[in-house]
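Undergrad: Below you'll find the structure I mean.
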Amino acid sequence: GGKHDKVDEYARGIRESGYRLLELVEGLLSLAEQSNQRKLDNRLTAVDEIIPQICARYRSMAAARNVGFEVELHQSSLRVLVDPELLAVAVRPLVDNAVKFAEAGNRVTIRVGLEKNLSIAIEDDGPGMSPEAIENVTAPFVLTESYLTRSHGGAGIGLSVARNAVAALGGRMKIDSELGCGTKVGLQ
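Residue 17 is where the sequence shown starts when you use this note's numbering, and the numbers rise one by one after that.
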């Protein structure tokens with residue numbers, strides 16, 4: 017009945033708030049760590065296992081918000097030499113943003129492949145961003161009103177953390193977006 021629905025709603029809110037706080041703490045720790053130029057710990061990493069693990073918490077957040085969520089692995093065995101913790105630092109805030117800004121009925125897809133290099137794309141069909149917002153969102157603590165409103169929460173560090181982590185891994189991050197048409201963030 018109604019009482020249990022309220023309890024479930026509160027529990028979802030508490031869980032989502034806990035994830036947001038965890039993301040903030042992880043982001044702040046990552047920024048601090050990156051400023052100290054942490055040494056890379058590259059090792060043979062099963063990316064086909066680690067990416068679904070990283071995405072597990074976002075799958076439940078997406079489901080609670082009626083957002084489709086899919087992880088597509090383009091090869092069955094993706095083993096690459098990479099720092100797995102830094103890879104997680106790069107991917108988490110991007111998936112978080114995709115789910116956070118999606119509206120009910122939207123989809124979030126994470127595509128992982130290996131051609132010459134590891135390629136990860138986080139795509140959504142959410143609200144998208146203007147060219148001006150794209151220029152600003154990777155600066156730490158910058159919140160652009162058209163992109164990040166109080167209703168979505170956040171400290172404005174996620175994309176900066178992701179960009180710095182990708183750079184530390186020797187890769188690059190590209191954001192393609194258009195207002196009303198969703199966003200694709202590619203990592204290579």
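Backbone N, C-alpha and C fix where the C-beta goes; we use that ideal spot for every residue, glycine too.
My guess is that P68 and V87 are in contact by the Cβ rule of under 8 Å, so how many angstroms apart are they, rounded?
TA: The residue given as residue 68 occupies position 52 in the sequence shown. The residue given as residue 87 occupies position 71 in the sequence shown. About 5 Å separates the two Cβ atoms, so the contact holds.
Undergrad: Using only the alpha-carbon positions, how far apart do E25 and V111 sit?
TA: Your numbering for residue 25 matches position 9 in the sequence shown. Your numbering for residue 111 matches position 95 in the sequence shown. Looking at the two C-alpha atoms, the distance is approximately 23 Å.
Undergrad: Pick helix, strand or coil for E139, following the three-state DSSP scheme.
TA: Within the sequence shown, the letter at position 123 stands for residue 139. Here E139 sits in strand by DSSP.
Undergrad: Are the Cβ atoms of L134 and V98 separated by less than 8 Å?
TA: For the purposes of this step, residue 134 is identified with residue 118 of the sequence shown, where counting begins at 1. For the purposes of this step, residue 98 is identified with residue 82 of the sequence shown, where counting begins at 1. Against a cut-off of 8 Å, the Cβ pair of V98 and L134 comes out as a contact.
Undergrad: Give the DSSP bridge partners of F85, in chain order.
TA: In the sequence shown, counting from the first residue as 1, residue 85 sits at position 69. Its beta-bridge partners are V124.
Undergrad: Alpha carbons only, please: which of P143, I173, Y35 is nearest the one belonging to G198?
TA: Position 182 of the sequence shown, counted from the start, is the residue given in the question as residue 198. If we check each option's Cα against that of G198, P143 comes out closest.
Undergrad: Can you grab the Cα-Cα spacing for the pair V107 / L89, in whole Å?
TA: Position 91 of the sequence shown, counting from 1, holds the residue named residue 107. Position 73 of the sequence shown, counting from 1, holds the residue named residue 89. Counting only the Cα atoms, L89 lies some 15 Å from V107.
Undergrad: Where does the unbroken alpha helix (DSSP H) through G186 begin, and where does it stop?
TA: Against the sequence shown, residue 186 aligns to sequence position 170. Per DSSP, G186 belongs to no alpha helix (DSSP H) and is neither H nor E.
Undergrad: I'd like the list of long-range same chain contacts for S92, defined as Cβ closer than 8 Å, with 5 residues on each side in sequence excluded.
TA: Taking the first residue of the sequence shown as position 1, residue 92 is located at position 76. Contacts found: D64.
Undergrad: If you follow the alpha helix (DSSP H) that K116 is part of, which residue opens it and which one closes it?
TA: Along the sequence shown, read from residue 1 onward, the residue named residue 116 stands at position 100. Run containing K116: 100 to 117, per the alpha helix (DSSP H) assignment.
Undergrad: If I'm right that A118 touches V83 with Cβ under 8 Å, what's the distance once you round it to whole angstroms?
TA: The sequence position of residue 118 within the sequence shown is 102, counting from 1. The sequence position of residue 83 within the sequence shown is 67, counting from 1. Going by Cβ atoms, the distance from A118 to V83 rounds to 4 Å, so yes, they are a contact pair.
Undergrad: To the nearest angstrom, how far is the alpha carbon of L195 from that of I138?
TA: As a first step, residue 195 is located in the sequence shown; it is residue number 179 there, counting from the start. As a first step, residue 138 is located in the sequence shown; it is residue number 122 there, counting from the start. Cα to Cα, the separation comes out at about 17 Å.
Undergrad: Quick check on the burial criterion: 16 or more other C-beta atoms within 10 angstroms. Buried or exposed for A183?
TA: Counted from its first residue, the sequence shown places residue 183 at position 167. By the neighbour-count rule (16 or more Cβ atoms within 10 Å), A183 is not buried but exposed.
Undergrad: Between which two residues does the alpha helix (DSSP H) holding V201 run?
TA: Here residue 201 refers to the residue found at position 185 when the sequence shown is read from its first residue. V201 -> not in any alpha helix (DSSP H); beta strand (DSSP E) instead, spanning 199 to 203.
Undergrad: Span of the beta strand (DSSP E) holding L56?
TA: By 1-based counting over the sequence shown, the position of residue 56 is 40. Run containing L56: none; DSSP gives neither H nor E here.
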